[in-house]
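Residue numbers (the working numbering): 855 to 1338.
One structure is given here, and the rest of the page talks about it.
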Amino acid sequence: MRTLTHSLSALTLFAVAAMAQAPGAHWTQLTTNTPPSTRENPGASNGSVFFVFGGIPAAAGPNRSNALYSYDPIANSWTTLSAEGAAGSPAPRAQCAIAWDYARSVLVVFGGSDTTGARLGDTWEWNGTTWTDKTPVGTSPQARSFCAMAYDWVNAKVLLFGGNDGSASPYRNDTWSWDGTTWTQLSPANVPATRQQHLMVSRLDKQDIVMAVGQNTVRHADTWTWDGATNNWNQVLTATTPPVSRVALDAGYDLVRQRVVITGGNNSSLNPTGQISEFDGVNWVNRTPIPSPRPHNTRYFFAFVAATGKSYTFGGQTPGTGTWEYQSDSIAEATPYGTGCTGPGGPLVYAADSLPWTRNQSQNPGPSTFSTTVTGIGPNSFAFLMLSLGQIAPGVFPINPNLVGLIPGPGLGCDLLIASLDYSEGLVPVAGSASWGLTLTDLAIDPTLQDLQFYLQMADLEFAGPTWLATHTSNGIAMKIGVL
855 MRTLTHSLSA LTLFAVAAMA QAPGAHWTQL TTNTPPSTRE NPGASNGSVF
905 FVFGGIPAAA GPNRSNALYS YDPIANSWTT LSAEGAAGSP APRAQCAIAW
955 DYARSVLVVF GGSDTTGARL GDTWEWNGTT WTDKTPVGTS PQARSFCAMA
1005 YDWVNAKVLL FGGNDGSASP YRNDTWSWDG TTWTQLSPAN VPATRQQHLM
1055 VSRLDKQDIV MAVGQNTVRH ADTWTWDGAT NNWNQVLTAT TPPVSRVALD
1105 AGYDLVRQRV VITGGNNSSL NPTGQISEFD GVNWVNRTPI PSPRPHNTRY
1155 FFAFVAATGK SYTFGGQTPG TGTWEYQSDS IAEATPYGTG CTGPGGPLVY
1205 AADSLPWTRN QSQNPGPSTF STTVTGIGPN SFAFLMLSLG QIAPGVFPIN
1255 PNLVGLIPGP GLGCDLLIAS LDYSEGLVPV AGSASWGLTL TDLAIDPTLQ
1305 DLQFYLQMAD LEFAGPTWLA THTSNGIAMK IGVL
């Protein structure tokens, strides 16, 4: 299988003018009711709402909170789920770890520090109605603050790593899993360095966990992934790292753009920053700050909410004001339509391997490529890529038995699904499949790429020696170029 890449610039001559909108992901402040401003805890999401628990009330010194709030971005409203000081709640705390357990539909909270600064080692769960102290009688992670937790999709458990236990050598690098009843200390072959104030986020599509940055006596700039199949940490040797190894931050995984997103945090001079950094699975992209009303911030709550496909922040230390959302106005899309017919290699199925994203390289550097693959190509066939800026609905234009005598013997049920042949290319298949892709130009050079829609279809051209015997067609793919 091979991927052929080309520039789409020439094709944009057929496109209408680009929409007048700011390119790429950006912050937008929301006007909503808000709970009291808090900080020093991470946020979490169950896919529908954004949870905020505990923390230090703004300008409240050593005080701690134990209130639980949720933000519903569809209703644009905050709700108090468990009021400050409510009976049966966990003790007030900050600097704890929090994660949503998708297998059991509960919010898990571990550890932190109380109003005296003492470390905590208890485990609590919120089931949507009540809090339950789940601290087991047996083994638990040692009491600690500034550890991190995330959901392990492979093992359907919550994973915990690191933290600060308050001892003479306080920084930890132990790994634990929680199944709702028992904490189990794991023994991975690869063990990251000790740290606190690091990030850990789950990636549903990758079925793993990303951990990065943090500090012990020095600041870290490394990146790791957790493989639940082998129960092991694997370091990702990135060419770039988040700037100045930031700490005092939270993070989330943007499933729409497939990026781990961090923003703000303290730099090496302990000053809050507004820098946005995104991990694409290979490298960190440190975006040049784009004009935004969102202030520089640290120790905030952050989570991605799948219901809206956007990330949200709330609270923080410097300063802790308002509710904000982060996403691009231009989202890449690849939607199959129609049905492929059956050729000599079987049913022809055409799918996108990745989405068509472009970017402004001066603000958001990195590759802008996507690819597509067709399967079911016959052993004596060539693949023929067809690209159009218009589509035909399935069933409207069947090319059977032939198209004005130009296409030999199309198979039964083969439809033409594109309105014009704006670009085409022959491809030599390998093992019954063929791939085709594009390298998209810099958005600053060609702004007409933003939200450009185009349509793809593959054909199987069946041959016997030099004789063209028959033509068979795949389903179509409706594509829209988004801006990262």
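Beta carbons: idealized from backbone N, C-alpha and C, even for Gly.
As the structure is a computational prediction, the values presented were derived from the model and not from experiment.
Query, Result
"Selected residue, minimal CA-CA separation from N1009, among N1086, A948 and P896", "N1086"
"Simplified DSSP state of L1294, which is helix, strand or coil", "coil"
"CB of G1194 within 7 Å of CB of P1201, strictly", "yes"
"Alpha-carbon to alpha-carbon, V1228 and L1109", "25 Å"
"Simplified DSSP assignment, three categories, for T1341", "Since the first residue of the chain shown is 855 and the last is 1338, residue 1341 is not available in this structure."
"Proximity of G1232 and G1280 at Cβ, strictly below 7 Å", "no"
"Cβ contact check for the region 878-885 and the region 1168-1187: 3 or more pairs under 8 Å", "yes"
"Rounded separation between L884 and I928 - CA only", "12 Å"
"Residues bridged to S1328 (per DSSP)", "None, per the DSSP bridge assignment."
"N- and C-terminal bounds of the beta strand (DSSP E) containing E1279", "Y1277 to L1281"
"Where P1301 sits in the DSSP three-state scheme", "helix"
"Nearest candidate by alpha-carbon position, reference H1052, set T1035, R1073 and D1062", "R1073"
"Under 7 Å between C-beta atoms of Q1171 and R893", "yes"
"Euclidean distance between Cα positions of T983 and T1071", "41 Å"
"Check whether L1241 and L1310 have beta carbons under 7 Å apart", "yes"
"Counted within 10 angstroms of its Cβ, other Cβ atoms place S1344 as buried (16 or more) or exposed", "Residue 1344 lies beyond the range of the chain shown here (855 to 1338); nothing can be said about it."
"Identity of the residue in W1007, G1220 and S924 nearest A1093 by Cα", "G1220"
"Candidates G1118, A941, L1209 and F1000: closest to F1308 by CA position", "L1209"
"Cβ contact (3+ pairs, closer than 8 Å) linking the region 1041-1055 and the region 971-989", "no"
"Contact under 7 Å by Cβ, V1115 with S1165", "yes"
"Reference P1248, options Q1217, C1268 and N1214, closest by Cα", "C1268"
"Pair within 7 Å by beta-carbon distance, L1315 and T1325", "yes"
"Own chain residues within Cβ distance below 8 Å of P1262, not counting five before or after", "N1256, W1322, L1323, A1324 and T1325"
"Distance CB(E938)-CB(A921) smaller than 7 Å", "yes"
"Own chain partners of P916 with C-beta closer than 6 Å, once the 5 adjacent residues on each side are dropped", "T969"
"Expected contact under 8 Å - CB spacing of A953 and Y1005 to nearest Å", "6 Å"
"Test item: CB-CB of F1000 and Q949 under 7 Å", "yes"
"Status (buried if at least 16 other CB within 10 Å, exposed otherwise) for I1299", "exposed"
"Ranges of the beta strand (DSSP E) found wholly within the region 1023-1077, counting only runs of at least 3", "1025-1032, 1037-1040, 1053-1057 and 1062-1066"
"Per DSSP, the bridge partner or partners of F1238", "G1280 and A1313"
"When S1287, G1068, V1136 and R1141 are compared against G1199, the one with the closest alpha-carbon", "S1287"
"Residue from D976, G1082 and R998 whose Cα sits closest to the Cα of P990", "D976"
"Among P1301, Q1061, N1088 and V960, the one whose alpha carbon lies nearest that of R1213", "P1301"
"CB-CB length for G1244 against A1273, believed under 8 Å", "3 Å"
"Rounded straight-line distance, which links the Cα of L1338 to that of R1111", "7 Å"
"Beta strand (DSSP E) runs wholly inside the region 905-947, at least 3 long, in chain order", "919-926 and 931-936"
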